[in-house]
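Inspection log for the structure reproduced underneath, given as structure tokens.
Number of protein chains: 4
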Amino acid sequence: MAETEPRVGEQRPGGRATRVRTSVLEATSELLMEMGYDQFSVDDVASRAGVHKTTVYRRWSSKAELIADAVRVHSAEHVPIPDTGSLLGDLQALACSVIANISSDDGSRRSRAIIAAAAHSPDLTASMNSFWAERFAMSVPIIERAVQRGELPPDSDADLIIAALIGPIWVRFLLTGEPIDDDLAHRVAQLVAAGATATTER
Amino acid sequence: MAETEPRVGEQRPGGRATRVRTSVLEATSELLMEMGYDQFSVDDVASRAGVHKTTVYRRWSSKAELIADAVRVHSAEHVPIPDTGSLLGDLQALACSVIANISSDDGSRRSRAIIAAAAHSPDLTASMNSFWAERFAMSVPIIERAVQRGELPPDSDADLIIAALIGPIWVRFLLTGEPIDDDLAHRVAQLVAAGATATTER
Amino acid sequence: MAETEPRVGEQRPGGRATRVRTSVLEATSELLMEMGYDQFSVDDVASRAGVHKTTVYRRWSSKAELIADAVRVHSAEHVPIPDTGSLLGDLQALACSVIANISSDDGSRRSRAIIAAAAHSPDLTASMNSFWAERFAMSVPIIERAVQRGELPPDSDADLIIAALIGPIWVRFLLTGEPIDDDLAHRVAQLVAAGATATTER
Amino acid sequence: MAETEPRVGEQRPGGRATRVRTSVLEATSELLMEMGYDQFSVDDVASRAGVHKTTVYRRWSSKAELIADAVRVHSAEHVPIPDTGSLLGDLQALACSVIANISSDDGSRRSRAIIAAAAHSPDLTASMNSFWAERFAMSVPIIERAVQRGELPPDSDADLIIAALIGPIWVRFLLTGEPIDDDLAHRVAQLVAAGATATTER
DNA sequence: TCATAAACGAGACGGTACGTCTCGTCTTGTG
DNA sequence: CACAAGACGAGACGTACCGTCTCGTTTATGA
């Protein structure tokens, strides 16, 4: 769909191949959010992408792989990394943004779909893992800045701190289903900030 | 399989019904651990339980619900709550036990299956949520004891602390796939313990 | 669904299984005659039989096998063996009836479809072979009667004589496409009758 | 179909067009004999001919037509017409050569493939018909010589006699699958020779 | 004890989706 | 301009599993 029209100005390199790939991945993304992993059929994707099923299978060898690819493509977007000047502020802001994403209908559905997809096929797990790893890695600068400011010691474990901030939110989202609001963001940010700092001075 | 041999006098009014229910749930549990959610077919469960597929559907209206029930049944087991005498010790022990469960092939597959099942209907989501909530709630005494020992202030948020401990582990398990070992248990326990304590003294 | 209603009067032995089998084979036969082997899809058969595609595949493992079965079922029909009192008369009558069948639109399409089906899988070839063998074998009594009447010697090769009668007709039908009419029947019958008799007296 | 005639004016013997045409037809012939009609794919032909599929479709509009053309090209070969000096001898020799062709793996597959191809469209049927008609017509001189020798009357129906000779063999090959050997050749030759002669004297 | 309701075994079925295959067309770039 | 390369549309194929249905049989109680 994306670009059915020949796109005159489209200087050569963007041939049909690219157009097809793009529109299919887009359709995949959309349908993944609208329905879950199961209600999602390759035929639907194809027809929404204005393409035939066979074409999809020519490029992606299975439903799972298609989803993996679609997810991978959208992995670098929409993740503004806060820079408030203080560790606590940054952590709070980050937690809030995670919560905002997870709480929105789209974000929620998308996130669940990704998780479900990973649960369905071991093949996809790796793909999903790197998606999330990249996403979380983008927050590491927050810790690095805090180290530079002297708020945290140089040997701080950035990955651990980020995981500790985000983990409780995801646990609520995926497992316990307990309410998720900005207050949670503040409390968990405080806990983690305190922990990271205290661990330091130990 | 069929009947783990209750079979003593057999003249127990709850006879066959119970036997069927039990053996099916057991078969479900086993298969859930052996294969994942998708490789898992109701027909297989039935045949392993020595029962006909129709019988399964008479009692559980769908595959997901069957899994939900099977999971619920086994929910109270295997969760020894540590009591080492110190907050840090308890948290470390708890983290280790969570990790041990999640790291095993069986536990891993089971956990993923639960997640996948939850994705199948809002009803099941609620069911799964309460499963996890209960499971995590069992750890709350750890915090209460720490409060009594004076390691933590009375207004400590037990839920949050537990979630902060467990969250990072689950994030690695479900999302990033980073390695999970006992060292992680120690580091996250330390971070959370420090955070909870420090928050206190604030 | 042919007959969803319980069909009270339906005396037991004709269960659903039979009904399904019958209607599918019938639909197969019909479609085989209407279209050829290629324009023939299992889905079409299923839908005409009021049955779902999967059901067809449950009973017949492939399109070719389905056709083979359908053909086999109709193999014993419509083959009146002439008994005119003389060898020449019988051979002429038999040739005419073969020609009549082959010349009709239905018979022509059906015959071609059978040939085509046989060409599609070696497994089917055997099935088709026995179909034709049976069909031709039914004409053997013509020769036996001629022997009893003294028109032919006791060691006459019935199979050969029948094949010699029918062969030229099929060659025209399948290979050369030359016109096939009753005159041909007479000429070939005469030739074969003369040959069989002469061979005798040799 | 495309270009049956050698294209006289085209005197560029080394032309690419000719080369392509030749190699494709050759590959078609080979593959036709190696596999049957279905196991035969246009892609395979193209790749064996060292040519692209598109090129094949530029010249032959369909798989069936390609086969028809390939068959036509090879139609004039390998058909030595016997001349033994007697009608019976000629007929026996002819029957043996037909049997030899049909019995070989190559010949069998090729023949079946031709039949199957003919089933695909009326156009092809005509094409195949003339192929076989020509082939059989080549045997007519056998009868003519017999007439000249006085073995057969002048009004003998050559076509019929040839068909009567060949028919039974083809019936066994295509329909009943009964064994085909040289003994059959002798018996059928004898029957037909006797018949033709006797008919004469009638 | 025997009748009767409930649960079960057996097995086909409708239905949805999957992933595959091959045919024949169409696009894009190259010699 | 024909060709190579290769994606594409179309549509059938055969498979897997889900959840439903019917029919006959077993099992467990209550009159």
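Protein chains in written order, with the working numbering: chain R, 1 to 202; chain C, 1001 to 1202; chain Z, 2001 to 2202; chain G, 3001 to 3202. The beta carbon of each residue, even a glycine, is placed where N, CA and C say it ideally should be. Please read these numbers as outputs of a predicted model, since none were measured by experiment.
Could you tell me whether the Cβ of VAL8/R comes closer than 8 Å to any Cβ of chain C?
-> Position 8 of the first sequence, counting from 1, holds the residue named residue 8/R. At VAL8/R the pLDDT is 35, less than 50, meaning the model places this residue with poor confidence; the figure from the coordinates comes in the next sentence. Not an interface residue.
Whole angstroms is fine: what's the gap from SER3139/G's alpha carbon to VAL3079/G's?
-> Along the fourth sequence, one-based indexing puts residue 3139/G at 139. Along the fourth sequence, one-based indexing puts residue 3079/G at 79. If you take the alpha carbons of SER3139/G and VAL3079/G, they lie about 9 Å apart.
Could you name the residues of the stretch 3120-3131 of chain G whose beta carbon sits closer than 9 Å to any beta carbon of chain Z, in the order they occur along the chain?
-> For the stretch 3120-3131 of chain G, which is checked against every Cβ of chain Z, the residues closer than 9 Å are HIS3120, THR3125, ALA3126, MET3128, ASN3129, SER3130 and PHE3131.
Between ARG7/R and ALA95/R, what straight-line distance do the alpha-carbon atoms span, to the nearest angstrom?
-> Translated into positions along the first sequence, residue 7/R becomes position 7. Translated into positions along the first sequence, residue 95/R becomes position 95. Unreliable placement is indicated for ARG7/R, whose pLDDT of 35 sits below 50; no coordinate value is reported for it.
Does the separation of the CB atoms of ALA1126/C and TYR1037/C fall below 8 Å?
-> To locate residue 1126/C, count along the second sequence from 1; it is residue 126. To locate residue 1037/C, count along the second sequence from 1; it is residue 37. No, the pair does not count as a contact, with Cβ atoms beyond the cut-off.
If you measure from the beta carbon of PRO2013/Z to each beta carbon in chain G, is any gap under 8 Å?
-> For the purposes of this step, residue 2013/Z is taken as residue 13 along the third sequence, with counting starting at 1. Below a pLDDT of 50, predicted positions are generally treated as unreliable, and PRO2013/Z, at 37, falls in that range; no measurement from the model is reported.
Is the CB of VAL3098/G under 8 Å away from at least one CB in chain Z?
-> Numbered from 1 along the fourth sequence, position 98 holds the residue referred to as residue 3098/G. Judged by the 8 Å Cβ criterion, VAL3098/G is not in contact with chain Z.
Using the Cα positions of ILE2067/Z and ARG3059/G, report the straight-line distance between them to the nearest angstrom.
-> Counting from one through the third sequence, the residue named residue 2067/Z turns up at place 67. Counting from one through the fourth sequence, the residue named residue 3059/G turns up at place 59. Using only the alpha carbons, I get a separation of about 34 Å.
Per-residue DSSP class, three states only, for PRO1082/C | Your numbering for residue 1082/C matches position 82 in the second sequence. It is coil, neither helix nor strand.
Nearest to ASP182/R by CA position, among ASP159/R, LEU174/R and ILE166/R, is which residue?
-> Mapped onto the first sequence, residue 182/R falls at position 182. With distances taken between Cα atoms, ASP182/R lies closest to ILE166/R.
Taking contact to mean at least 3 C-beta pairs separated by less than 8 Å, is the stretch 86-102 of chain R in contact with the stretch 180-194 of chain R?
-> Remark: three or more beta-carbon pairs, one from each stretch, lie closer than 8 Å, so the stretch 86-102 of chain R and the stretch 180-194 of chain R are flagged as touching.
PRO168/R: contacting residues in chain C (beta-carbon distance under 7 Å) | Walking along the first sequence from the start, residue 168/R turns up at place 168. For the C-beta of PRO168/R, the chain C residues within less than 7 Å are, from N- to C-terminus, LEU1160, ALA1163, ALA1164 and GLY1167.
Using a C-beta cutoff of 8 Å, does ASP3085/G count as contacting chain Z?
-> Taking the fourth sequence and counting its residues from 1, one reaches residue 3085/G at position 85. Reading off the sequence, residue 3085/G comes out as Gly, not Asp. By this cut-off, GLY3085/G is not an interface position.
Report yes if the CB atom of LEU3087/G is closer than 8 Å to the CB atom of LEU3152/G, and no otherwise.
-> Indexing the fourth sequence from 1 puts residue 3087/G at position 87. Indexing the fourth sequence from 1 puts residue 3152/G at position 152. A contact, by the Cβ cut-off of 8 Å.
Proximity below 8 Å, CB of ILE1114/C to CB of PHE1173/C | In the second sequence, the residue the question calls residue 1114/C occupies position 114. In the second sequence, the residue the question calls residue 1173/C occupies position 173. A distance of 8 Å or more separates the beta carbons of ILE1114/C and PHE1173/C.
Along the chain, where does the alpha helix (DSSP H) that runs through MET33/R open and close?
-> Counting from 1 along the first sequence, the entry for residue 33/R is found at position 33. It spans 16-34 - the alpha helix (DSSP H) in which MET33/R sits, taken as one unbroken run.
ASP1155/C by DSSP, collapsed to three states: which one?
-> Walking along the second sequence from the start, residue 1155/C turns up at place 155. Note: ASP1155/C maps to coil in three-state DSSP.
Within the same chain, show all residues whose beta-carbon is closer than 6 Å to that of HIS3120/G, passing over the 5 residues directly before and after it, in chain order.
-> Locating residue 3120/G in the fourth sequence gives position 120, where the first residue counts as 1. Cβ within range, chain order: ALA3064.
Please list the partners that ARG1112/C has in chain R, where partner means a Cβ-to-Cβ separation under 7 Å.
-> For the purposes of this step, residue 1112/C is taken as residue 112 along the second sequence, with counting starting at 1. Simply ALA119.
Sort LEU3175/G, ILE3162/G and SER3062/G by Cα distance to LEU2124/Z and report the nearest one.
-> In the third sequence, residue 2124/Z corresponds to position 124, counting from 1. For the residues LEU3175/G, ILE3162/G and SER3062/G, the minimum Cα distance to LEU2124/Z belongs to LEU3175/G.
contact_flag[the stretch 1044-1060 of chain C, the stretch 1018-1028 of chain C] where n(CB pairs < 8 Å) is 3 or more = Three or more beta-carbon pairs drawn from the stretch 1044-1060 of chain C and the stretch 1018-1028 of chain C are found closer than 8 Å, and the two stretches are therefore classed as touching.
Could you name the residues of the same chain whose beta carbon sits closer than 6 Å to that of VAL2071/Z, not counting the 5 residues immediately before and after it, in chain order?
-> By 1-based counting over the third sequence, the position of residue 2071/Z is 71. Within the same chain, VAL2071/Z has close Cβ partners ILE2114 and PHE2131.
Please classify LEU3184/G: is it buried, with 16 or more other beta-carbons within 10 angstroms of its beta-carbon, or exposed?
-> As a working note, residue 3184/G is residue 184 in the fourth sequence. Burial state of LEU3184/G is buried, judged by a 10 Å Cβ sphere holding 16 or more other Cβ atoms.
Exposure label - GLY1085/C; buried when at least 16 CB within 10 Å | Translated into the one-based positions of the second sequence, residue 1085/C becomes position 85. Of the residues assessed, GLY1085/C falls on the exposed side of the cut-off, its CB having fewer than 16 other CB atoms within 10 angstroms.
Beta carbon of ARG1145/C nearer than 8 Å to that of ASP1083/C = Indexing the second sequence from 1 puts residue 1145/C at position 145. Indexing the second sequence from 1 puts residue 1083/C at position 83. Yes; because the gap between Cβ atoms is below 8 Å, this pair is in contact.
Smallest Cα separation from GLY3177/G: which of SER2041/Z, GLY2177/Z and ALA2133/Z?
-> Position 177 of the fourth sequence holds residue 3177/G. Comparing Cα positions, the closest option is ALA2133/Z.
Exposed or buried, what is THR2197/Z when buried is set at 16 or more other beta-carbons lying within 10 Å of its beta-carbon?
-> Position 197 of the third sequence, counted from the start, is the residue given in the question as residue 2197/Z. Residue burial annotation: THR2197/Z is buried, with at least 16 other C-beta atoms found within 10 angstroms of its C-beta.
Proximity winner among SER2062/Z, ALA2163/Z, ILE2143/Z and ALA2164/Z, relative to PRO2154/Z (alpha-carbon distances) = In the third sequence, residue 2154/Z corresponds to position 154, counting from 1. Among SER2062/Z, ALA2163/Z, ILE2143/Z and ALA2164/Z, the Cα nearest to that of PRO2154/Z belongs to ILE2143/Z.
Please say whether LYS1053/C and ASP1069/C have beta carbons closer to each other than 8 Å?
-> Position 69 of the second sequence holds residue 1069/C. Position 53 of the second sequence holds residue 1053/C. At a Cβ-Cβ threshold of 8 Å, ASP1069/C and LYS1053/C do not count as neighbours.
Buried/exposed call for GLY195/R, threshold 16 Cβ in 10 Å = For this step, residue 195/R is matched to residue 195 along the first sequence. For GLY195/R, the number of other beta carbons within 10 angstroms of its own is at least 16, and it is reported as buried.
Span of the alpha helix (DSSP H) holding VAL3071/G?
-> As a working mapping, residue 3071/G is identified with position 71 in the fourth sequence. Element bounds for VAL3071/G: 3063-3073.
Proximity test, Cβ basis, 8 Å: VAL2171/Z and chain G | Position 171 of the third sequence, counting from 1, holds the residue named residue 2171/Z. VAL2171/Z belongs to the set of residues whose beta carbon lies under 8 Å from a beta carbon in chain G.
Nearest to SER3108/G by CA position, among GLN3148/G, ALA3193/G, MET3033/G and PHE3040/G, is which residue?
-> Position 108 of the fourth sequence, counted from the first residue, corresponds to residue 3108/G. Ranked by Cα distance from SER3108/G, the first of GLN3148/G, ALA3193/G, MET3033/G and PHE3040/G is MET3033/G.
With a cut-off of 8 Å, does the C-beta of LEU2175/Z fall near any C-beta of chain G?
-> Within the third sequence, numbered from 1, the residue matching residue 2175/Z stands at position 175. Contact of LEU2175/Z with chain G is assigned, a C-beta pair being separated by under 8 Å.
Pick out whichever of ALA1158/C, GLN1148/C, TYR1057/C and MET1035/C has its Cα sitting closest to the Cα of VAL1020/C.
-> As a working mapping, residue 1020/C is identified with position 20 in the second sequence. When each option's Cα is compared against that of VAL1020/C, the closest is TYR1057/C.
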